[in-house]
Each structure stands twice: as structure tokens, then as C-alpha cells.
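Reviewing the structure listed below.
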Amino acid sequence: MADLTSLTIAELSAGFDKKEFSSTDVVNAYIKNIEQGRKYNAYITETCEHALAQAKDCDNRIAAGKRLSMLDGVPLGIKDLFCTKDIRTTAASKILENFVPPYESTVTKNLLDAGSIFIGKTNLDEFAMGGANLTSYFGQTINPIKRADGKEVVTGGSSGGSAAAVAASMCAGATGTDTGGSIRQPAAFCGIVGIKPTYGRCSRYGIIAYASSLDQAGPMTKTVEDAAIMLEKMAGFDELDSTSANIAVPNFTASLKSGIKGLKVGVPKEFLNGDLNKEIADAYNESMEILKSNGAEVKEISLPNMKYALATYYIIAPAEASSNLARYDGLRFGLRVEGASLDEMYENSRSAGFGAEVKRRIMIGTYVLSAGYYDAYYLKALNVRKLIRQDYINAFNEVDTILTPVAPTTAFTIEESKSFDPVTNYLQDVFTVPINLAKLPAISVPIKRAENALPIGMQLIGKDFDEETLFKGAYVLEQNNSWSRK
14 MADLTSLTIA ELSAGFDKKE FSSTDVVNAY IKNIEQGRKY NAYITETCEH ALAQAKDCDN
74 RIAAGKRLSM LDGVPLGIKD LFCTKDIRTT AASKILENFV PPYESTVTKN LLDAGSIFIG
134 KTNLDEFAMG GANLTSYFGQ TINPIKRADG KEVVTGGSSG GSAAAVAASM CAGATGTDTG
194 GSIRQPAAFC GIVGIKPTYG RCSRYGIIAY ASSLDQAGPM TKTVEDAAIM LEKMAGFDEL
254 DSTSANIAVP NFTASLKSGI KGLKVGVPKE FLNGDLNKEI ADAYNESMEI LKSNGAEVKE
314 ISLPNMKYAL ATYYIIAPAE ASSNLARYDG LRFGLRVEGA SLDEMYENSR SAGFGAEVKR
374 RIMIGTYVLS AGYYDAYYLK ALNVRKLIRQ DYINAFNEVD TILTPVAPTT AFTIEESKSF
434 DPVTNYLQDV FTVPINLAKL PAISVPIKRA ENALPIGMQL IGKDFDEETL FKGAYVLEQN
494 NSWSRK
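In the working numbering, the protein residues as written are 14 to 499.
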């Protein structure tokens, strides 16, 4: 029998339908990989026994010819930011180290209803705050792909555990969340596919909040087709989320392979000024040529306010985080460290429970929301955010999708990351945060291998709720580039 963990979700689904193997066979194969891959620290909580029990139910449906969907029987990793009923959910933080939710997030419920199997909760930056998966209370995640000189590199973040688990074949696909690039950047660093859907496409109910106007769930997979399969089941309107969009979810796989003839692809002139890293620029040019040779028209556009996106993001996101994380006070749930007074208990619990990066962002957020600074920082950032979104709206009057890099470099080493100051880390998000501010969808696709043997990813950005176009464009890029998962 072929290595079951090398199969895509689409290939697993076809195998189940033909009864070539059982879900139990697949889960056992992935459990073996998880045991052998613990050095990557991709999982915070392994749920192997739970997964085998789910697999038995799936096998009964497969035997009866009553599979629920293409995900029925497929093992997935779940980012440990999604509340999973009766399964520990930590947000990679000491303050939630022993938290077991009494309810299921809407996204994970949708996946369970589709028959998917949860094989574990994946590692992440604490409360999704970080770009290298280094801030987790449970230790850093290591990229399964090593640099040519043998040095270990970061996975990117915050969904680094999900990216590593998919790249190391420790699950068939995984969920991620993207607040400023947290799906797309680790997907690029680990050589997999990741899509951030339009804000509101997937419910945020039951996802531990970082920045409520920016957070969005999405899939991380081996292929573009697998991402389409997963997103179809993750997405949908939810009355429990006031920001959920009441818009029908298309059959993303139906038009996936229909080609891109006549598609107008925008290339921001701001990226064509020679400032890009040479290897990133080469991959960018290769991507343009692939799209052109497959019938697309590549056109120069301008996004003049994008240069303000990073500063805008790092005002809005910490402001929302400081508000969202106020609930972790030691009183209702999570870690409690007693004190001589109520105020001291609050202080002790939060001081002991939060890591350095989370504390930094809470303090930044509290500062920009404070009296005297609200107008100068936060209100101004909200106004600039409108200008950034308007740039994209203007561009989409001329083009159907926009092509940009995902990250300014390939993955950096563990040693390098420890020497970075916070601003250097934040600069890794320069190509991804504008899309979150504009609430648009974007997909990351691995394009080629750099000279250092690490993958380079490119992203396609789409119009509101036009993930179909992104999947079509990404599929063409995937099928014609020099990177191959095989």
C-alpha cells in the first residue's frame, strides 16, 4: 500500500470511495508520523485515541456507502485557538494551560459535521501574537524543511504548528487563523498552501480572539484543491457571530480547473522598484510569466497607501487585543494567582499568565486607546485603514486579482530570530497585513525553491467574497511552477 500520509485530501477521498483503505488505516499512519515528528513540536495536545474512535464511525459510514463529504474520514490538525468541546484549548498560553471548553467553535463543528477527524491541537504563537511561532508557552515549533546548510528555520506564525504538521505529513490538512498573515506566511515558509478568506466568510464564534476586526479562519493544506475542499466546509453564515456574512458558499472545487484565460492580474508598481530581495523578485517574475503563459493579462497598478499599512496594523491590532484580553483576569476561568487584594490578584494572574510578546501588545494597545492618545493614534489609524481599503477597491475596478510576494525573505534560522528586535519581526508582515486591514481574501502558494533550499511563496489577492478566482489562479500557479510537493 502506498504511503497514506503522502496522499492529498482529494486522493484520500477517492480512496475511501473505492474502499482501497479505511479511515482507521489513515489515522494510524498519521499517528505514526506524529510520534516520529515530535521534534518539530507541531502539536500542543495530541488526540490520537479520540481520532481512532472517530475513525471507527467513519469506517462504518464508508462501508455503508454513506460518506458525509469529501472530508469524511480525513484527519485534520486544529490550531489551538479553536475551542473544541471537551478537548483542551490553550491559545499556547500559560493563562489557559488547563482550559477545556464546554462548547465547539462553529468552524470545527462544521468540520465535524462533514465527518472530518481531529488528530490534535496544533502549536501557535501565544494568542496568535507573533510571526515565527516562537512565543508559545509550550515551546517553539521547528520547520520540517531545513536550510541547505542544515540549519533549522522557523515555521512562520502564528499558525506555525498547523503549517509544520501539514508539511511533515502529520495531518492531511489543518485549520489556521489569519490576523495579519498568520496563515499565509507560515504556509509560504513551510512550502504548503494557505488561504485567508474574506472577513466574514468563516464564523469567528469559538475562536479565541486576538483582534476582532482582523481575525479570520482558513485552511492550510498540501494543495490548492485541498484548500478549496476544506474551505467549502469551514465557511458559512452563523447567527452566533455578528460579523458573519450571510452569503452563500460556492462550490469552490467545481470551477477550480477551468483556467484563467482573460483574467486580469494586477501587479503593484510599488513592488517593481528594485527593493525586493533578488530571489523573491525572481519568484515574483516567474509567477507573472506563468500567469501570462496561461492566458492571463498582467497589468501594473498602484496601491499608494500600502506603505502605511504596517504602522496602521500595529496600532489597531494591539488596541483590539488589549480589549479582548481584559477578560483573562484570574476571576472567571484560566490561571489564578492569589493576592492580598482583588487588584493584586488581577496583577499576579496576568503577570504570571501572559508571555512577553502578549504583554508588549497589551501595553501598546492600552496606550493608543488611552485618554489623550485615542485621537492621535487609534482614530487616525482607523481613517488610514479606510484609505488602504479604498486603494484595493480602486485597483479592482481595473483587475480581477492582485499578485504580490507573501514575505520579504525565506524562513530565517532559529538563531537569527532570537537576535531580532520586535520591529524586525513585525516587518515580516509587510506584504500580508494590508489584506487583513482591507478585509479581502488572499491565498499563498509555494512557487519555487530558493538557493538555500527553502520554499518561496506568492500570494494572490481577491475581491470581496471572490475566493473562486483565487483558487483558479492559484491552481494554475501550482501546476506550472518549479516547486513540487512530490
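Where is the CB? At the ideal position from N, CA and C, for every residue including glycine.
Should residue i go down as buried or exposed, given a rule of 16 or more other Cβ atoms within 10 Å for buried?
i	result
Leu-17	buried
Leu-304	buried
Gln-403	exposed
Val-436	exposed
Gly-343	buried
Tyr-341	buried
Glu-117	buried
Glu-139	buried
Glu-333	buried
Gln-49	exposed
Gly-28	buried
Alpha carbons only, please: which of the options is nearest the one belonging to residue i?
i	options	result
Met-142	Ala-389, Gly-343, Arg-374, Lys-431	Arg-374
Gln-472	Glu-238, Tyr-321, Gly-275, Gly-207	Gly-207
Ala-296	Val-39, Glu-491, Tyr-218, Phe-346	Glu-491
Thr-482	Leu-338, Pro-157, Phe-409, Arg-340	Phe-409
Thr-325	Ala-77, Leu-392, Ser-26	Leu-392
Ala-222	Val-443, Thr-192, Ala-240, Ile-242	Thr-192
Glu-62	Glu-302, Gly-133, Thr-119	Gly-133
Ser-172	Gly-186, Lys-164, Glu-165	Gly-186
Ala-42	Asp-85, Gly-352, Ser-19, Glu-238	Ser-19
Leu-65	Leu-89, Ala-77, Met-83	Leu-89
Glu-252	Ala-267, Pro-281, Cys-215, Ala-353	Cys-215
Lys-320	Ala-332, Leu-355, Glu-283, Ala-294	Glu-283
Keeping to the same chain, check which residues put their C-beta closer than 8 Å to that of residue i; ignore five residues upstream and five downstream.
i	result
Tyr-327	Ile-377, Tyr-439
Arg-462	Pro-468, Ile-469, Ser-495, Trp-496
Phe-151	Asn-54, Ile-57, Thr-103, Ala-105, Asn-136
Glu-275	This sequence places Gly at residue 275; Glu is not what is there. Gly-308, Ala-309, Glu-310.
Gly-272	Asn-307, Gly-308, Lys-485, Val-489
Thr-97	Ile-91, Pro-114, Glu-117, Ser-118, Thr-121, Phe-131, Lys-134
Ala-181	Asn-46, Gly-50, Tyr-53, Ala-55, Pro-157
Return helix, strand or coil for residue i, following the three-state DSSP convention.
i	result
Lys-45	helix
Gln-403	helix
Ala-466	coil
Lys-31	coil
Phe-131	strand
Thr-148	coil
Val-311	strand
Ala-248	coil
Pro-281	strand
Ile-427	helix
Ala-389	helix
Lys-480	In the sequence on display, residue 480 carries Glu and not Lys. Helix at Glu-480.
Tyr-359	helix
Arg-498	Low per-residue confidence applies at Arg-498: pLDDT is 47, beneath 50, and the placement is therefore not dependable, though the value from the model is reported in the following sentence. Here Arg-498 sits in coil by DSSP.
Met-83	coil
Ile-242	helix
Glu-302	helix
Are the C-beta atoms of residue i and some chain C residue less than 7 Å apart?
i	result
Asp-477	Considering every chain present, this structure includes no chain C. It has just one protein chain.
Looking only at its chain, what residues have a beta carbon closer than 6 Å to the beta carbon of residue i, apart from the 5 residues adjacent to it on each side?
i	result
Val-502	With the chain running from 14 to 499 in the structure shown, residue 502 is simply not present.
Ile-459	Ile is not the amino acid found at residue 459; the sequence shown has Pro there. If we look at Pro-459 and ignore the five residues flanking it on each side, its Cβ neighbours are Gly-204, Pro-468, Gly-470, Trp-496.
Lys-499	Any reading at Lys-499 must be qualified, since the residue scores a pLDDT of 46, below 50, and its modelled position is unreliable; the value itself is stated next. Taken in chain order, the list of residues that qualify is empty.
Leu-109	Thr-103, Gly-347
So, for residue i: in the same chain, excluding its five sequence neighbours on each side, which residues have a beta-carbon less than 7 Å away from its beta-carbon?
i	result
Asp-99	Val-113
Ala-394	Thr-325, Ile-328, Ile-329
Asp-126	none
Thr-154	Tyr-53, Asn-54, Ala-55, Asn-136, Asn-146, Thr-168, Gly-173, Gly-174, Ala-177
Lys-246	Ser-82, Leu-84, Asn-123, Leu-124, Ala-127
From the DSSP output, which residues share a beta bridge with residue i?
i	result
Ala-330	For Ala-330, which the question treats as bridged, DSSP gives no partner whatsoever.
Pro-418	Met-471
Ser-457	Gly-207, Gln-472
Gly-186	Leu-89, Thr-234
Ile-220	Phe-95
CB of residue i to nearest heavy atom of the ligand MN: below 6 Å?
i	result
Ala-294	No copy of the ligand MN appears in this structure; indeed no ligand is present at all.
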